[in-house]
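Working notes, structure below.
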Amino acid sequence: MIGTRKQGRAVMSLVQRVDIFLSKSIKALLLFLKHLCVIGLGLGTIGLTLSQIFEYGEGLADLANIELIFFALLPLLVYRHYTYCQYFQVGLWKTLISPVYALGILAAITIFLFSLIVTSLVLDDPELKLTELLQASRIVELVSLGLFIISLYLSSPLKEAENKKLEAVPGEGMKDSLKTEPTYTKHADGLIDKQY
Numbered sequence: 342m343i344g345t346r347k348q349g350r351a352v353m354s355l356v357q358r359v360d361i362f363l364s365k366s367i368k369a370l371l372l373f374l375k376h377l378c379v380i381g382l383g384l385g386t387i388g389l390t391l392s393q394i395f396e397y398g399e400g401l402a403d404l405a406n407i408e409l410i411f412f413a414l415l416p417l418l419v420y421r422h423y424t425y426c427q428y429f430q431v432g433l434w435k436t437l438i439s440p441v442y443a444l445g446i447l448a449a450i451t452i453f454l455f456s457l458i459v460t461s462l463v464l465d466d467p468e469l470k471l472t473e474l475l476q477a478s479r480i481v482e483l484v485s486l487g488l489f490i491i492s493l494y495l496s497s498p499l500k501e502a503e504n505k506k507l508e509a510v511p512g513e514g515m516k517d518s519l520k521t522e523p524t525y526t527k528h529a530d531g532l533i534d535k536q537y
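Straight run, no breaks: the sequence shown in our numbering ends on number 537.
Below is the structure:
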């Protein structure tokens, strides 16, 4: 009887190990697919934005005023992103992929909101056609350019800024005053306290 209980536990632990392995594998696969979809959505948004900008194939003559503003802001935001990534010592892959990832997340939010708006419009007027909705392509273009600019602005690494603040304070005296050396106090009973 005792031997069968031990064998039951051994089989159960093997079943549990397989179950845990399958669970972790499925979670890792879903996480990978989530990241792949967001990055794919970001890359697709970049492609669609560039195709909207040069929709007539006439080069720079094809650009509207808002697109000229976009192209004026783009190098400034790329330089800002690159500078922050260099300052916080972010790797090359994260430097390149973070704007695409942020753009994918913003595009997913925009698609969700757009689908809610279209659904509410179609429910109000069932005879409304999708071509009528898409004729407001200027608004769609403004939204896509805005998403591009916002995602590039938001993708710069700033979480480490709080850790770097103390190091970035000008003046050596200020840095020295932030550093405190521990003091040790020995008690009569032989215990030592460490205080800052």
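A virtual CB, placed ideally from N, CA and C, is assigned to each residue, including glycine.
Option in the options with minimal Cα separation from residue i
i    : options                   : result
H376 : F455, A443, T460 and I452 : A443
P416 : P467, L493 and L404       : L493
L488 : F429, L372 and F411       : F411
L389 : S496, Q430, V484 and I438 : V484
Y423 : T436, E396 and L495       : T436
I490 : S364, L371, Y425 and R421 : R421
L499 : I452, L414 and Y425       : Y425
Close-in-space but distant-in-sequence residues of the same chain around residue i (CB under 8 Å, 5 per side omitted)
i    : result
A449 : V379 and L382
Outcome for residue i when other beta-carbon atoms lying within 10 angstroms are tallied against a minimum of 16
i    : result
G445 : buried
P467 : exposed
S392 : exposed
S364 : exposed
V359 : exposed
V419 : exposed
V356 : exposed
E399 : exposed
Own chain, CB closer than 7 Å to residue i, minus 5 neighbours either side, in chain order
i    : result
S354 : none
Open item on the list: List, from N- to C-terminal side, the alpha helix (DSSP H) runs of 4 residues or more that fit wholly inside the region 411-449.
Closed with: Runs found: none.
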